[in-house]
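All remarks here apply to the structure that follows.
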Amino acid sequence: MDVIEAIRTTGACRYFKPDPVPDDVLARLFDAARHGPQGGNRQPVRYIVVRDAAVKKQLQEWYLHCWKGHLERGYRAGSGVQSGGVSTVVRDADHLAHHLEDVPVLVVVCAELSGLVITDAKLDRPSVVGGASVYPSVQNLLVAARNEGLGATLTTILCEVEPEVRELLGIPAGLITCATVALGYPERALPTRLTRAPVSEIAFSERYGEPLFTA
Ligand SMILES: Cc1cc2nc3c(=O)[nH]c(=O)nc-3n(C[C@H](O)[C@H](O)[C@H](O)COP(=O)(O)O)c2cc1C
Numbered sequence: 208m209d210v211i212e213a214i215r216t217t218g219a220c221r222y223f224k225p226d227p228v229p230d231d232v233l234a235r236l237f238d239a240a241r242h243g244p245q246g247g248n249r250q251p252v253r254y255i256v257v258r259d260a261a262v263k264k265q266l267q268e269w270y271l272h273c274w275k276g277h278l279e280r281g282y283r284a285g286s287g288v289q290s291g292g293v294s295t296v297v298r299d300a301d302h303l304a305h306h307l308e309d310v311p312v313l314v315v316v317c318a319e320l321s322g323l324v325i326t327d328a329k330l331d332r333p334s335v336v337g338g339a340s341v342y343p344s345v346q347n348l349l350v351a352a353r354n355e356g357l358g359a360t361l362t363t364i365l366c367e368v369e370p371e372v373r374e375l376l377g378i379p380a381g382l383i384t385c386a387t388v389a390l391g392y393p394e395r396a397l398p399t400r401l402t403r404a405p406v407s408e409i410a411f412s413e414r415y416g417e418p419l420f421t422a
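In this note's numbering, the protein residues as written are 208 to 422.
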């Protein structure tokens, strides 16, 4: 698949067939993932592939609990509300929350805390730079999955219950949880077009707010 085509069509997939994902396919995904950039090339990212039914069931229980909390706290308001007031993001995310245990593969993404270069750690705002050593690799995995005809969704809800997930999966001290990727063959056709802001709204020339390109 052309790389730009893959990037442009790697959307969130939350409906999966029960078919297993072969190991050689998984191997290609992690090979793509490991080529992502990390600060200082310290390579802190680790992946735990969860396929065991009982473990997935437990993860779903925690996930669903956290998800319901998000809904109660007003998650719907900011999330992809489309015409008619129906948010497909919330509808589909709700489906995933209720079916996580049925997803063929859950990839729990971890990172060695000492391997993260966190240049914004001392600023008076939430730090994000540590994640920059993690999520490019995860995006590589998502794009590689798209190339294989797999569907996937990056989720972060389970990070809220990191201590429980750590215990369940035997994640050593010093590693943190960063995401859980739901992965499998899609039940429906993968998207051909994603809803995103146009370049004219997001790219500026020299100063913030001066469009680089007009619409
Ligand atoms: C940082 C991050 C966290 C996310 N967490 C969740 C999540 O916990 N559950 C979920 O269903 N989707 C999650 N998503 C998926 C987003 O909802 C999805 O990428 C977004 O709605 C765009 O969807 P699209 O690519 O299909 O257009 C997350 C995505 C990102 C980048």
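Glycine included, C-beta positions come from ideal geometry on N, C-alpha and C.
Backbone CA spacing between Pro-229 and Leu-236 [nearest angstrom]: 11 Å
Within a Cβ cutoff of 7 Å, which residues of the same chain sit near Val-368, ignoring the five residues on either side of it in sequence? Trp-269, Cys-273
Cross-strand partners of Leu-313 (DSSP beta bridge): Val-257, Ala-389
Which two residues bound the contiguous alpha helix (DSSP H) that contains Thr-295? 295-306
Ends of the alpha helix (DSSP H) at Ala-380? Taken as a continuous stretch (DSSP letters only), Ala-380 belongs to no alpha helix (DSSP H), as it is neither H nor E.
For Pro-418, does the three-state DSSP call read helix, strand or coil? strand
Separation of Val-314 from Val-341, as counted between CA atoms: 14 Å
Can you find the residues in the same chain that come closer than 7 Å, C-beta to C-beta, to Asn-347, ignoring five residues on each side of it along the sequence? If we look at Asn-347 and ignore the five residues flanking it on each side, its Cβ neighbours are Ala-239, Ala-240, His-242, Gly-243.
Measure the alpha-carbon distance for Asp-309 versus Val-262 and round it to whole angstroms. 11 Å
I'd like to confirm the pairing. Which residues does DSSP put opposite Ala-219 in its beta bridges? Ala-359
Which one or two residues does DSSP pair with Val-252 in a beta bridge? Val-252 pairs with Ala-318.
Going by Cα to Cα distance, which pick from Thr-217, Pro-225, Ile-255 is closest to Leu-375? Checked all of Thr-217, Pro-225, Ile-255; the closest Cα to Leu-375 is Ile-255.
Span separating the alpha-carbon of Val-251 from that of Arg-414: Correcting the residue type first, residue 251 is Pro in the shown sequence and not Val. Computed Cα separation, rounded: 34 Å.
Checking 8 Å against the spacing of the C-beta atoms, do Arg-395 and His-302 come in under that value? no
Take Ser-290 and list the residues in its own chain whose beta-carbon comes closer than 7 Å to its own, dropping the five residues that flank it on each side. In this predicted model, Ser-290 has a pLDDT of only 48, less than 50, meaning its place in the structure is not dependable; the value taken from the coordinates is given anyway. Excluding residues within five positions, none has a Cβ falling inside 7 Å.
Let me check understanding here. Comparing Cα to Cα, which of Val-335, Ser-412, Ala-318, Ala-410 lies closest to Ala-380? Nearest of Val-335, Ser-412, Ala-318, Ala-410 to Ala-380, Cα basis: Ala-318.
Any heavy atom of ligand 1 within a distance shorter than 7 Å of the CB on Thr-384? no
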